[in-house]
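Take any residue in the sequence shown, count from 1 to its spot, add 134: that is its number in our numbering.
Just so it is clear, CB atoms sit at the ideal spot from N, CA and C, and this is done for glycine as well.
Worksheet for the structure shown next.
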Amino acid sequence: MAEPPQPPVARLPVLTTARQAHSLTFSQAALAYPVHLRGVVTFYDPYQEGQKALFVADPTGGIFVATGPEALPPIHAGSIIDVTGVTNPGGYAPIVTNSRIRLLPGSAPLPKPAPETIPHLLTGTEDGQWVAMDGIVHSVDLEGEHAVLTLATDDGTLTATTDREKNADYASLVDAQIRLRGVAAPLVDAKRRMVGVRILFPGLRSVTIEKRGPANPFALPIQPLGSLMQYSLHPPGGHRIHLQGKVTLSWPGQKVCIVDASDGLCSQTSDRTALRDGQLVDVVGFLALENYRPTLSDATPRVVSDGDAAAPVFISAENAFSGAQDGELVRIEGTLMGRYWAQGQLNLLLSSEKALFSAMLPAGPVQQREGLGSAWAVGSKVAVTGVFAGKVDTRETTRQQGVSRLESFQILLRSPADVAVVHTPTWWNSRHAFIILESLALLIVGILGWVVVLRHQVRQQTSIIRNNEQRFRYLAEHDALTGVFVRTVLLERLEAEMKKAAQNATSFAMFMIDVDGFKQLNDTMGHAAGDEILVALSRRIQGSVREADTVARMGGDEFIALLPGVHGTQEAERIASQVLGAIYVPFAVRETEVSVSVSIGVTVYPGGGKDSTSLLHSADVALYRAKAMGRNRHQLYCDAAQVIPFESRTLA
135 MAEPPQPPVA RLPVLTTARQ AHSLTFSQAA LAYPVHLRGV VTFYDPYQEG QKALFVADPT
195 GGIFVATGPE ALPPIHAGSI IDVTGVTNPG GYAPIVTNSR IRLLPGSAPL PKPAPETIPH
255 LLTGTEDGQW VAMDGIVHSV DLEGEHAVLT LATDDGTLTA TTDREKNADY ASLVDAQIRL
315 RGVAAPLVDA KRRMVGVRIL FPGLRSVTIE KRGPANPFAL PIQPLGSLMQ YSLHPPGGHR
375 IHLQGKVTLS WPGQKVCIVD ASDGLCSQTS DRTALRDGQL VDVVGFLALE NYRPTLSDAT
435 PRVVSDGDAA APVFISAENA FSGAQDGELV RIEGTLMGRY WAQGQLNLLL SSEKALFSAM
495 LPAGPVQQRE GLGSAWAVGS KVAVTGVFAG KVDTRETTRQ QGVSRLESFQ ILLRSPADVA
555 VVHTPTWWNS RHAFIILESL ALLIVGILGW VVVLRHQVRQ QTSIIRNNEQ RFRYLAEHDA
615 LTGVFVRTVL LERLEAEMKK AAQNATSFAM FMIDVDGFKQ LNDTMGHAAG DEILVALSRR
675 IQGSVREADT VARMGGDEFI ALLPGVHGTQ EAERIASQVL GAIYVPFAVR ETEVSVSVSI
735 GVTVYPGGGK DSTSLLHSAD VALYRAKAMG RNRHQLYCDA AQVIPFESRT LA
C-alpha cells in the first residue's frame, strides 16, 4: 500500500537586515532562519578565547556574528563585508552563526552613534548597537592583548575594552573627559539575564577627548582633608583632586596615609615609592568611599619636603569607637592575646577594656619575623603606635540616624618599632608552679591538700590557654566572614601538595573562582546582603568538592579550591561543572531569590606550572579568559594558551 503524500515543508524566508535577525524572539531565532546581509564592521577582536568577536551594522542596526576557527579575511572596523549564516538565540539576544564572511572592496564610515546612558543600556535594547558614551577615564589597565578603560559617567561606572595598540599613549587618557564610541555588549548570567554592560570599541580612533586632564595634576588647588565629602556648592565632579599632608604611614604599592591640620586620610596606590614618616607629600587621585569613609583610588604621591614625624594622639579603647581619630596617627595600650601571620602580614590581637582589636604590620625579612617571636610575649602589656582604621557597622549606620558608627577597629603599624613593651608577663606560670609544688611536697607533706588545690588551678589556667591558642589558631587559618581557609593556609597546602605530587609523579587540580558582577550586587542590595551571598556561596563550593579538598578565600569575592589526587583535565572539568551547577540554584537572601554566577579558572599540575606562583598565574589567566568569554563558565588552562583557543563549557 503506497504511503500518502507528505505535505511540503515550508521554507523559512531569508532575513536580509540586521534588525530582522536581531528582533526575533528566542524560539524564533532557534529555528535557524537563513541570513544574508551586507554591512560595515563596527568591532572585530581576533584575540577573544573560544571564538572571535565580530559585530556588523547595516542601516537598520547591528548584530553579533559568530565565526568559526577558520581564518577570516583581513577585516577591521570600517570594512564592508557580505555575511551569510543562520540565526541562533545566542547568550542574550539573537546572533548569526554558521557564518561565511566575504570581504568586499573599499570601506565605509561607521554609523552615527546614539548618545546613551548606563540605565538605558541596562535595559538591553541597545545590545550590539553602535553607541556613544561620555565620561571621565579613571584608570587604564593593560592586560595581555587588551586595554581596559574604567569610565566614570554621571550614571555610574563601566568598563570599555579594545585591542591593545602598539606605542599608544593610554596614560594620557586618565582624568580626561572623553566621548567613547563603540558597541554595547551585555554581561549576562546563567539564565540569559543582563547583569551589567560594557563597551567594545575599535581603538583610540573611536575616542574623542573633549577635555584633557591637567598636564600637571599636582598644580591643582590643594584641598584640606577635612573638607572631603562635606557639603559644597562646587564638588570635584569625578576628576582627580590634589591633597597635601605629612606622611604617617607608607606601605609601598598598597597604601599611603597622610595628615594635615584638619584630618587624616589613607589612599590606595600602586606606586612603590618608599616614603618616610614626616615627609610632606602631594597626593593626587580620584575621590571615593571605602567602608563609609573618604579615600583616594589610583593615588600618586610626590615628595615636597622632609620634616619631623607627626606626634601620635593617645587614645583608649573606649573613646576609640567614636571614630574621631579615623585615618590619624594614634597610640593605644593593650594586652597581647596572640599573634599570627596572614596574607604576608603580622597581626597582633590585643585586648583593652574588654575590647578586642588588632594591629597589622607588613611582612618583613625572615630575621625580623624570628625576632618578633621572642620580643613580644603573649600576655605582655604593649603600646602600639599607628594609623587608626575603623570598620563601620553597616546595619546600625543605615538603620539609625545615618551617622556612621564603628563596630571594630585596627591599628596599621609602620615598623616593629611601633610596638613597645610596657610590662612583661609575670614570672609565675605553669612550669614554675609545678617546680615549686614538687619542692613543697618533699618538705611539707602536711600541705598536700593545698597542692591539690593549686594543681587544679593550674589545670584550669592551662585549659584556658589551650582554648585561647585553639581559638587564635582558628582565627588565623579561617576567613572571618565565610569560615573557609585564608590565603596563607592555601599556599602552605599548595607547597606540600606540589612536593607530594613531584615525589609520586601524580597530579592535582586548582580552581580560581570569582563571582560575576559582585560589585553590582553589593551596590544594588547592600554590603550586608553581599556578605550573606559570599557565606552561602562558600558553603556551596565546599559542598561541591570533596571533603579532602581545600577551599580558601583569597580576598573580596575570589576563592581558590585545591583538589589533591585529581587525575587529568577531564576529572578537573567535571568537578568544576559540579561547582557551577551548585551555584546555579538561586540564593535566598532576605526573603528574595538572587541568582549568582561565577567564573572558574582551572589549572592542573604540572601542566599549569611547577611552582605556586606559576600555578596561581595559570589559574588567573584561565579565569580572565572565562570572564572574557561571557562569564558563568569554567576555562581550562593549557601551555598553548597563546595560540590555541581554549575549550570551554557553559552551564546548561
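What did DSSP end up calling residue i once you bin it into helix, strand or coil?
{"i": "VAL500", "result": "Low confidence applies to VAL500: its pLDDT is 42, below 50, so where it sits in the model is not reliable enough to give any reading."}
{"i": "HIS254", "result": "helix"}
{"i": "ASN453", "result": "helix"}
{"i": "GLU692", "result": "strand"}
{"i": "THR151", "result": "coil"}
{"i": "HIS701", "result": "coil"}
{"i": "LYS380", "result": "strand"}
{"i": "TYR758", "result": "helix"}
{"i": "GLN402", "result": "strand"}
{"i": "LYS345", "result": "strand"}
{"i": "THR719", "result": "For the record, residue 719 in the displayed sequence is Val; it is not Thr. Coil."}
{"i": "THR747", "result": "helix"}
{"i": "ARG673", "result": "helix"}
{"i": "ARG767", "result": "strand"}
{"i": "TYR365", "result": "coil"}
{"i": "HIS373", "result": "coil"}
{"i": "GLY173", "result": "strand"}
{"i": "SER340", "result": "helix"}
{"i": "THR658", "result": "helix"}
{"i": "ALA551", "result": "helix"}
{"i": "THR622", "result": "helix"}
Rounding to the nearest angstrom, what Cα-Cα distance links residue i and residue j in this structure?
{"i": "HIS433", "j": "PRO496", "result": "Strictly speaking, residue 433 in this sequence is Ala, with His absent from that position. Straight-line Cα distance between these residues: approximately 20 Å."}
{"i": "CYS391", "j": "ALA682", "result": "42 Å"}
{"i": "MET309", "j": "ALA636", "result": "A small correction: the amino acid at residue 309 is Asp; Met does not occupy that position in the sequence shown. When rounded, the distance between both Cα atoms is 50 Å."}
{"i": "SER733", "j": "SER672", "result": "14 Å"}
{"i": "LEU414", "j": "ASP397", "result": "15 Å"}
{"i": "SER789", "j": "MET688", "result": "Here the chain has residues from 135 to 786 only, and residue 789 is not among them."}
{"i": "ALA166", "j": "ASP216", "result": "18 Å"}
{"i": "THR201", "j": "VAL220", "result": "12 Å"}
{"i": "ALA551", "j": "PHE177", "result": "57 Å"}
{"i": "GLY225", "j": "ALA155", "result": "15 Å"}
{"i": "PRO499", "j": "VAL555", "result": "Below a pLDDT of 50, predicted positions are generally treated as unreliable, and PRO499, at 45, falls in that range; no measurement from the model is reported."}
{"i": "TYR771", "j": "GLU204", "result": "22 Å"}
{"i": "TYR426", "j": "GLN364", "result": "13 Å"}
{"i": "ILE333", "j": "SER486", "result": "52 Å"}
{"i": "LEU146", "j": "SER157", "result": "16 Å"}
{"i": "HIS170", "j": "THR218", "result": "4 Å"}
{"i": "GLU727", "j": "PRO720", "result": "6 Å"}
{"i": "THR257", "j": "PRO428", "result": "32 Å"}
{"i": "ARG80", "j": "PHE642", "result": "Residue 80 falls outside the range modelled here, since the chain spans only 135 to 786, and no answer is possible."}
{"i": "GLY212", "j": "MET267", "result": "20 Å"}
Leaving out five residues before and five after residue i in sequence, what residues of the same chain have Cβ atoms less than 7 Å from its Cβ?
{"i": "VAL669", "result": "LEU615 and THR616"}
{"i": "THR407", "result": "PRO386 and PRO435"}
{"i": "THR703", "result": "VAL738 and LEU770"}
{"i": "ALA663", "result": "VAL723 and ARG724"}
{"i": "TYR261", "result": "For the record, residue 261 in the displayed sequence is Asp; it is not Tyr. Hits under 7 Å: TYR226, ALA227, ALA318 and PRO320."}
Please return the same chain residues whose Cβ sits closer than 6 Å to the Cβ of residue i, not counting the five positions on each side in sequence.
{"i": "ALA443", "result": "ASP411 and GLY412"}
{"i": "HIS661", "result": "THR528"}
{"i": "LEU375", "result": "The sequence shown places Ile at residue 375, rather than the Leu named in the question. So the qualifying residues of the chain are GLN357 and LEU421."}
{"i": "LEU206", "result": "ILE235"}
{"i": "ARG674", "result": "ALA716 and ILE717"}
{"i": "GLN501", "result": "Note that GLN501 scores a pLDDT of 37, beneath 50, so its modelled location is shaky and nothing firm can be said."}
{"i": "ARG172", "result": "ASP216"}
{"i": "ARG473", "result": "LEU482"}
{"i": "VAL464", "result": "PRO446, VAL447, ILE449 and PHE522"}
{"i": "GLY461", "result": "GLY398, LEU399 and CYS400"}
In chain order, what residues of the same chain lie with their CB nearer than 8 Å to the CB of residue i, ignoring the 5 residues before and after it?
{"i": "THR531", "result": "TYR426, VAL537, SER538 and ARG539"}
{"i": "HIS751", "result": "GLY743"}
Assess contact between the stretch 412–422 and the stretch 350–366, defined as three or more Cβ pairs (one per stretch) separated by less than 8 Å. Is contact present? yes
Kindly confirm or deny that the stretch 428–439 and the stretch 464–474 touch, where touching means at least three C-beta pairs closer than 8 Å. no
Report yes or no: do the stretch 689–698 and the stretch 285–293 share at least 3 C-beta pairs separated by less than 8 Å? no
Are the stretch 309–321 and the stretch 334–350 touching, with three or more C-beta to C-beta distances below 8 Å? yes
Can we say the stretch 241–250 touches the stretch 273–280, given the rule of at least three CB pairs closer than 8 Å? no
Kindly provide the ranges of any beta strand (DSSP E) runs that are 3 or more residues long and lie completely inside the stretch 218–303, ordered along the chain. 229–241, 264–277, 280–287 and 290–297
Within the chosen definition, does the stretch 508–528 reach the stretch 642–658 through at least 3 CB pairs nearer than 8 Å? no
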